[in-house]
Structure formats: structure tokens, C-alpha cells
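Enquirer: Take a look at this one; I'll ask things after.
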Amino acid sequence: ERQYQRHKIQEESLYYEHQKLSGKLPLIGVNTFLSSDGSPTILPSEVIRATEAEKEYAISSLRAFQQRNQADAPAALRQLQQTAIENGNLFTQLLETAKVCSLGQMSAALYEVGGQYRRNM
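Dropping the structure here:
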């Protein structure tokens, strides 16, 4: 049963990509109404990378956030998983869970109960 659903998702995904790339499915700014230079996306003249200090600050901020909320995080993650299992309103629950959990924690919790989609080629 799962294989059928997975196959249909893959089939629809590939069909959509083919339609988009062939131009049969017009998407403004992607394959129609492009500027004379091509895609309207603004490209920086060079790749902008975070400095080591910025990386360290981001990591230390994340660790401090997780440390501050370590008492509340497990219950929030369990509630998020329960909402997913019951097909409840995940958006509302994600907003609540984000107050005490990082994106990585929430993603891992959802992968535990729902798995992770990977397109087979």
C-alpha cells in the first residue's frame, strides 16, 4: 500500500518537473516573463559566507536556546508528534513547539513518526 502512494507521488513530481521544464506549465519568473538577462533572481557578484565568529555566535545561541528550554522541549516534541499521528493541525503546533525547540529538534521528531520522503530515481 505504501509503495503505491510513494510511486504516485514520484510520478506526479516527475510529471510536474517535466511540465515546468518543457514550458507547458507556465510559471511567471521561472519559465515565462523573464528579463532580458534571464532569471529575475538577483545573483551576488560573489558567494557570501559567514565568518567563523558569526558561525560560532549562531551555534552558541542555538545551544543557549536549547539549554534554556531543555525542561519544556521533550513535552513539546511529544505533543508535536501526537498531533502528527492524529492528523491534527500541525501548523499551530509547530508555532507552539518553535517557542522551545529548534528546527532540527522538530524535524527529527517528525521524522520519527512520519519518516522522510526520498524520491527514488
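Those letters in the sequence shown? Residues 291 to 411, per our numbering, in order. Don't be surprised by glycine CBs; every beta carbon is placed ideally from N, CA and C. None of the values given here were measured: they were computed from a predicted structure.
Just the Cα atoms here: how many angstroms apart are Ser303 and Ile375?
Expert: The alpha-carbon atoms of Ser303 and Ile375 are separated by roughly 25 Å.
Enquirer: Assuming Gln369 contacts Gln383 under a Cβ cut-off of 8 Å, what Cβ separation, rounded to an integer in Å, is found between them?
Expert: Confirmed, Cβ separation roughly 6 Å.
Enquirer: Go ahead and label Thr373 buried or exposed: buried means 16 or more other beta carbons lie within 10 angstroms of its beta carbon, across all protein chains shown.
Expert: Burial call: buried.
Enquirer: Going by the beta-carbon positions, is the gap between Leu367 and Ser392 smaller than 7 Å?
Expert: No, the Cβ-Cβ distance between Leu367 and Ser392 is not below 7 Å.
Enquirer: Taking just the CA atoms, how far does Glu301 sit from Ser312?
Expert: One C-alpha to the other measures close to 16 Å.
Enquirer: Tell me the rounded alpha-carbon separation between Lys385 and Ala365.
Expert: Residue identity check: residue 385 is Leu in the sequence provided, not Lys. So the alpha carbons of these two residues sit roughly 14 Å apart.
Enquirer: At which residues does the alpha helix (DSSP H) containing Ala343 begin and terminate?
Expert: Per DSSP, Ala343 belongs to the alpha helix (DSSP H) from 342-358.
Enquirer: Count the other C-beta atoms from every protein chain shown that fall within 10 angstroms of the C-beta of Leu400, then say buried if there are 16 or more, exposed otherwise.
Expert: Buried.
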